[in-house]
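Chains as they are written, first to last, in the numbering used here: chain Z, 1 to 445; chain L, 1001 to 1256.
Where a beta carbon is used, it is the ideal one built from N, C-alpha and C, also for glycine.
What follows is a short report on a single structure.
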C-alpha cells in the first residue's frame, strides 16, 4: 500500500493516488467498502489517464496473474486478469496456441485488453479482443458477477471496452487460436502515395489475416502519405525449413533515463521517417519473421516512452467509417501541412465493431499517430482533427486519448447513456471512476 | 481534469476581475475550462466577468466575495471557493494584488500594512489552505502572480515589489515542497502591462498589452516551467539588472 504518482504511457498529467495490490475478490470488495473513488490498473500501457484516479484508490491487478486452467487441446485459458499477454504467450505458444487478438505490445494485462477491447492487425477478420472472451469475473460495488456474453450480455458488453468503469476484473477466460509455428510469413510493399497505401490495404481485407501500413505524415506534396504495407499469415510447418514453436523472449534493451525533451523534434523525426521508408523493401513476399518482430516491434526495448523526454507524448488514434476514406487523406494532409512532428503513424482496416457500448472499432479505417508534446500548435491541430473525425462520424480511442474535449463524447460514442444505465445497476454510487472519466465528464464525480 | 497539454477544465481564480487574470481565464475557457469559481472584492464586477466567460463557453460559474486586506479570513474564503466548485480543481490562480501609490504610502503605517497584507499575507495564508486541499486531491496546478519588479526591488515601488518579492521567494520554496505530490505551482512574472492598474503610468521598455501578456501566460501554462516571464526577454534583462552595481541600479530606478 503506497501513495504514488501515476501516469499513462504518454507520461502526461500524472496524479497521485494510493496504489494497492489485491490478491483476492475479498480484497477488492474491501476497497469498495471504503467508498472512495476506485479504478483498476494493469501495466499502464494506456497512453492517457484511464488507469489513474487522482486522490483515490488504484487497484493494481498484477497481483492476480495466476493461470488457473489451460486446456492445450481446446486452447481455452482461464487466468488471473493481471496476467500479461507476454507471460500468457510464454505458456501457450509452445503448446501451439496464440492470442486471438494482439495489440502492438504484449505488455498488456488480460483485464486491460478487455477494458479497452483492444484490436490488432487482424481486426478486419477476427474482430476485437472482447469477442474472444468466454467468461469474466467482475467484482463490483454491488457484488461479484461471473459473466459470459450470453448470461448477462448487457453487463458483459458494458465491461468490454468499458475502461474499467463497471467493475474490477479478476479473472478472464479466453479462446486462443491454433498456430503451427512461432513464425509469420510477411509480404511487404513500399509505395509512394497514400492512395496506393489505402488501395493495397483495402485489397488485403480478403487476402490476409494480418495487415497494417506505416504512413509518413511529414512528407508533403506528391509523396504525401507514402508508406509501407506489411501483411502476414501464421507460418505453417510446411512453410519452414526448421519449424519452431517457442514463446517470446524478454526484452534485451532498456532506456535507462529520460531523453531530453527535444530529442524527437521535426528534424530527427523526419530523418527517422526517411530512413524507415528507405530501409523497407519495395516488394518482398513470404519473408519469415518472428512473432515479436511482426506484432510487437517496440517490445524489444523496455521503457521506450522515455525517448520522448519529460514532457511526454500523446497518441492520437481515430476510427472513421469506410465511406469516409477521404477524411483519412484530409487528416494526413492537414497534419503534414501543420508541420507538427509525428512518427510511427499506423493505418489499419477495421471490420465491424463489437457489441461493446464503448468499444472503439467501427468498420472502416483507423489511423494512430505518436506526437511529442511541445509544439505550441499541437493542441489546436488535434482539436481541428477532432472536428474532422466528428464530421466523418468517427471517434477517438479511450486507451490512447489524453486530451479530447468531453463535449464530443456523445457524438463519438452514442451509446454512452446505455452504458451508464448498466453501470448504475452495478455501481449506483459511481465509486468506479478515473481521471479519464472525469476529464470527459463521463462520470460527474 | 487537466489534459495532456496542461489545459484545465475546472478553475478557481482569486482576484478574477483584474484585466490580465480575466484575459487569461477567457483563453482557458476557449480551450477546455468549463466550470469556474471567480473570487473578488466586488460582486458586481464578478458578475460582469462571469457573464463574459459564459458567453465564451463556460457552463458553470460561481462567485465568492472576499477582502484581501483580511488575511485571517483567507482560509475560509479558499474553503468556500472549493466548495462552490464542487469538483477537483485543476487550476487555482492567485491574482490578488495592490499596486498602491508608493510616495503617498511610504510614510503611512496603516497603508503600508495594507500593501503587505494584500500582496503578501493574504496569498500566503490562502496558499496554505490551497496546498492542503490539492495535495489531498493528488493533482492540480497553482498559478501565482508575482512581477518582474520582485526580481530587484526599486526605490519607487518597494512597498508593492517588496511584498511581491516575498511572495515570489515563498513560492519557490513551496514549489519544492510539492515535488511528487501531483501538485505543481507556477509563478508568473509579468513586466509592465497597460491595464487599469497602470493607467496614467509611462510605458517602460518591453511594456506589453494585456492580450500579449495573457498569451504568454497561457503558453507557459502549457509547459512545466516553474516561472513564466512575460515577455520572456525580460528574464534576461532582469538577469543583467539584478547584477548591476547598486548606485547604477538606483540611478536607473529613480523616482520620476
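{"query": "Spatial neighbours of residue 236(Z) within its chain, please: C-beta separation below 6 Å, excluding the five flanking residues on both sides.", "result": "180"}
{"query": "Start and end of the alpha helix (DSSP H) containing residue 378(Z)?", "result": "378-391"}
{"query": "Would residue 114(Z) and residue 81(Z) be called neighbours here (beta carbons separated by less than 9 Å)?", "result": "yes"}
{"query": "Helix, strand or coil for residue 1(Z) per DSSP?", "result": "Legend: pLDDT at residue 1(Z) = 47, less than 50; position of this residue unreliable, no value from coordinates given."}
{"query": "So what does DSSP say about residue 123(Z), is it helix, strand or coil?", "result": "helix"}
{"query": "In three-state terms, what does DSSP make of residue 413(Z)?", "result": "coil"}
{"query": "Using the beta-carbon of each residue, which ones in chain L are nearer than 8 Å to residue 55(Z)?", "result": "1088, 1136, 1137, 1138 and 1139"}
{"query": "Going by C-alpha to C-alpha distance, which of 1088(L), 1163(L) and 1193(L) sits closest to residue 1132(L)?", "result": "1088(L)"}
{"query": "Can you check whether the CB of residue 49(Z) is closer than 9 Å to the CB of residue 524(Z)?", "result": "Here chain Z covers residues 1 to 445 and nothing more, so residue 524(Z) does not appear."}
{"query": "Does residue 1157(L) pass the burial test, meaning 16 or more other C-beta atoms within 10 Å, or should it be called exposed?", "result": "buried"}
{"query": "Counting contacts by CB-CB distance shorter than 9 Å, is residue 406(Z) in contact with chain L?", "result": "yes"}
{"query": "Below 8 Å, can you find three or more Cβ-Cβ pairs linking the stretch 23-33 of chain Z to the stretch 329-337 of chain Z?", "result": "no"}
{"query": "So, is the C-beta of residue 337(Z) closer than 9 Å to a C-beta in chain L?", "result": "no"}
{"query": "Based on Cα-Cα distance, which residue from 1198(L), 1031(L), 1100(L) and 1013(L) lies nearest to residue 1085(L)?", "result": "1013(L)"}
{"query": "Examine the Cβ distances between the stretch 335-345 of chain Z and the stretch 360-369 of chain Z and report whether three or more of them are shorter than 8 Å.", "result": "yes"}
{"query": "Would you call residue 271(Z) buried or exposed, if buried means 16 or more other Cβ atoms sit within 10 Å of its Cβ?", "result": "exposed"}
{"query": "Kindly list, in the order they appear in chain Z, the residues whose Cβ is closer than 7 Å to that of residue 1182(L).", "result": "5, 14, 15, 16 and 54"}
{"query": "Within the continuous alpha helix (DSSP H) that includes residue 295(Z), where are the two ends?", "result": "291-295"}
{"query": "Excluding the 5 residues preceding and the 5 following residue 423(Z) in the sequence, name in chain order all residues of the same chain whose CB lies nearer than 7 Å to its CB.", "result": "158, 165 and 166"}
{"query": "To the nearest angstrom, report how far apart residue 292(Z) and residue 249(Z) are at their CA atoms.", "result": "9 Å"}
{"query": "Are there 16 or more other CB atoms within 10 angstroms of the CB of residue 198(Z), so buried, or fewer, so exposed?", "result": "buried"}
{"query": "Which one of 183(Z), 77(Z) and 426(Z) has the shortest CA to CA distance from residue 135(Z)?", "result": "77(Z)"}
{"query": "Residue ranges of each alpha helix (DSSP H) run of no fewer than 4 residues wholly in the stretch 65-140 of chain Z, ordered along the chain?", "result": "85-92, 110-115 and 123-126"}
{"query": "List the whole-angstrom C-beta distance separating residue 183(Z) from residue 289(Z), where the pair is believed to meet the contact cut-off of C-beta under 8 Å.", "result": "7 Å"}
{"query": "Can you tell me whether DSSP reads residue 1009(L) as helix, strand or coil?", "result": "coil"}
{"query": "Going by the C-beta, is residue 343(Z) closer than 8 Å to any heavy atom of the ligand NAP?", "result": "Here there are no bound small molecules, and the ligand NAP is not part of this structure."}
{"query": "With a threshold of 9 Å between beta carbons, is residue 372(Z) in contact with chain L?", "result": "no"}
{"query": "Taking the C-alpha atoms as reference points, what is the distance between residue 1063(L) and residue 1127(L)?", "result": "19 Å"}
{"query": "What number of angstroms, rounded off, separates the C-alpha of residue 240(Z) from the C-alpha of residue 186(Z)?", "result": "13 Å"}
{"query": "Is residue 1027(L) close to chain Z? Criterion is C-beta to C-beta, closer than 9 Å.", "result": "no"}
{"query": "Which value, in whole angstroms, describes the spacing of the CA atoms of residue 1041(L) and residue 1199(L)?", "result": "20 Å"}
{"query": "What residues match up with residue 210(Z) in a beta bridge as DSSP calls it?", "result": "232(Z)"}
{"query": "So with CB distances below 9 Å, who are the chain L contacts of residue 48(Z)?", "result": "1003 and 1004"}
{"query": "Can you find at least 3 beta carbon pairs, one from the stretch 85-97 of chain Z and one from the stretch 133-148 of chain Z, that sit closer than 8 Å?", "result": "no"}
{"query": "Starting from residue 348(Z), trace the beta strand (DSSP E) in both directions and tell me its first and last residue.", "result": "343-350"}
{"query": "Taking only beta carbons into account, state which residues of the stretch 1199-1222 of chain L come closer than 9 Å to chain Z, listed in chain order.", "result": "1219 and 1222"}
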